[in-house]
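J.: I'd like to ask you about the structure that follows.
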Amino acid sequence: MPTTTTHPGRTRIKVCGIRDSEALHAAVDAGADSIGLMFVESSPRYVKPTEGFALMAELPPMVTAVGVIADASVEQFLAIEEVCPTPIVQLHGSETIETARRCGPGVIKALRFDPHTIRDDLAKWDEVDEVESILIDGSAGGEGVAFAWDALAEAAHTISTPIIVAGGLDPDNVGDAIRACRPFAVDVSSGVERERGVKDPARIRAFCDAVRDADNHS
Numbered sequence: 003m004p005t006t007t008t009h010p011g012r013t014r015i016k017v018c019g020i021r022d023s024e025a026l027h028a029a030v031d032a033g034a035d036s037i038g039l040m041f042v043e044s045s046p047r048y049v050k051p052t053e054g055f056a057l058m059a060e061l062p063p064m065v066t067a068v069g070v071i072a073d074a075s076v077e078q079f080l081a082i083e084e085v086c087p088t089p090i091v092q093l094h095g096s097e098t099i100e101t102a103r104r105c106g107p108g109v110i111k112a113l114r115f116d117p118h119t120i121r122d123d124l125a126k127w128d129e130v131d132e133v134e135s136i137l138i139d140g141s142a143g144g145e146g147v148a149f150a151w152d153a154l155a156e157a158a159h160t161i162s163t164p165i166i167v168a169g170g171l172d173p174d175n176v177g178d179a180i181r182a183c184r185p186f187a188v189d190v191s192s193g194v195e196r197e198r199g200v201k202d203p204a205r206i207r208a209f210c211d212a213v214r215d216a217d218n219h220s
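Encoded structure:
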């Protein structure tokens, strides 16, 4: 496991829900560290594994593709991986520890923020070696719902696994989230869209610029 949740000096950026080359290259050019490929069929940002593989092939070195699934069986995960073997998988449902272990290594486990259970939730997943980071969302994902970043900061210092903050982030508030939580990374989807499921290159650029500004002035 990583040994600290303290701010690493440069907040990593994940732009999730990438569906086309324009959005992918906008994220890369703006300085994103990773892009999320949504393999959840109910999502407006869904891409087929074959489409995801074509997009992943366009990524330059050092920019990582993350495959996002939710409540899929291990067999379904393996079928997706056969077609589009992303280096990292994000489990964005109610997966068990056993499922996370079988999908690892390289797992991001997403949790919905609940102030009453966040400490126990973080402690539970901090013990799973295959989970390399924990993503905290304000909703089930992709709904643009923020949460109490200060409350997360109080809980996160008790674990060693890096934290990713998601949910309701946009170019206007991501700096506040970074200053409140000092996360390893931030994750954005709806906050950089011009309409549901359609990314806006200008907003992607503004978001990445806001992250860098927060890093440089914190």
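When you line the sequence shown up against this note's numbering, it's residues 3 to 220, in that order.
Where a beta carbon is used, it is the ideal one built from N, C-alpha and C, also for glycine.
Starting from C183 and walking both ways along the alpha helix (DSSP H), at which residues does that stretch end?
T.: Residues 176-183.
J.: Within a Cβ cutoff of 6 Å, which residues of the same chain sit near N153, ignoring the five residues on either side of it in sequence?
T.: Checking the sequence, you will find Ala at residue 153 rather than Asn. So the qualifying residues of the chain are P117.
J.: If K226 sits next to V65, beta carbons under 8 Å apart, how far is it from one beta carbon to the other, in whole angstroms?
T.: The requested residue 226 does not occur in the structure, where the chain is confined to residues 3 to 220.
J.: CB-CB under 7 Å to A179, same chain, minus the five flanking residues each way: which ones, in chain order?
T.: Closer than 7 Å at the Cβ level, and outside the excluded window around A179, lie W151, V167, L171, V188.
J.: What residue does the alpha helix (DSSP H) around V30 start on, and which one ends it?
T.: Element bounds for V30: 23-32.
J.: Apart from the five residues on each side of it in sequence, which residues of its chain come closer than 8 Å, Cβ to Cβ, to P173?
T.: Cβ neighbours of P173 beyond the five flanking positions: G193, V194, R205, A208, F209, D211, A212.
J.: Taking the alpha-carbon positions, what's the E132 to I90 distance?
T.: Rounded to the nearest angstrom, the two C-alpha atoms are 11 Å apart.
J.: Look at the alpha carbon of K50 and the alpha carbon of F41, and state the distance between them as a whole number of angstroms.
T.: Distance between the alpha carbons of K50 and F41 is about 7 Å.
J.: Can you give the Cα-Cα distance for A72 and T101, rounded to whole angstroms?
T.: If I take the Cα positions, the gap works out to 11 Å.
J.: Please tell me whether T160 and A125 are closer than 8 Å, where the distance is taken between their beta carbons.
T.: Yes, the pair counts as a contact, with Cβ atoms nearer than the cut-off.
J.: Can you grab the Cα-Cα spacing for the pair C105 / P87, in whole Å?
T.: Answer to the nearest angstrom: the Cα atoms are 12 Å apart.
J.: Under 6 Å Cβ to Cβ from P203, same chain only, skipping five residues before and after it: list those, please.
T.: Contacts found: A28.
J.: Using a 10 Å radius around the Cβ and a threshold of 16 neighbouring Cβ atoms, would you call Q78 buried or exposed?
T.: Flag for Q78 reads exposed.
J.: Which word fits R196, buried or exposed, when buried means at least 16 other C-beta atoms lie within 10 angstroms of its C-beta?
T.: With fewer than 16 Cβ atoms within 10 Å of its Cβ, R196 is classed as exposed.
J.: For V85, does the count of other Cβ atoms within 10 angstroms reach 16, so buried, or fall short, so exposed?
T.: Classification for V85: exposed.
J.: With V109 and L61 assumed to form a contact (beta carbons below 8 Å), what rounded beta-carbon distance in angstroms separates them?
T.: Not confirmed; about 20 Å, so no contact.
J.: By DSSP's criteria, E197 is part of a beta bridge. Which residues make up the other side?
T.: Beta-bridge pairing links E197 to V200.
J.: Is it true that the CB of G19 sits closer than 8 Å to the CB of R47?
T.: Yes, Cβ-Cβ distance for R47 and G19 is below 8 Å.
J.: Give me the Cα-Cα distance between L26 and V76, rounded to the nearest whole angstrom.
T.: Their Cα atoms are separated by approximately 28 Å.
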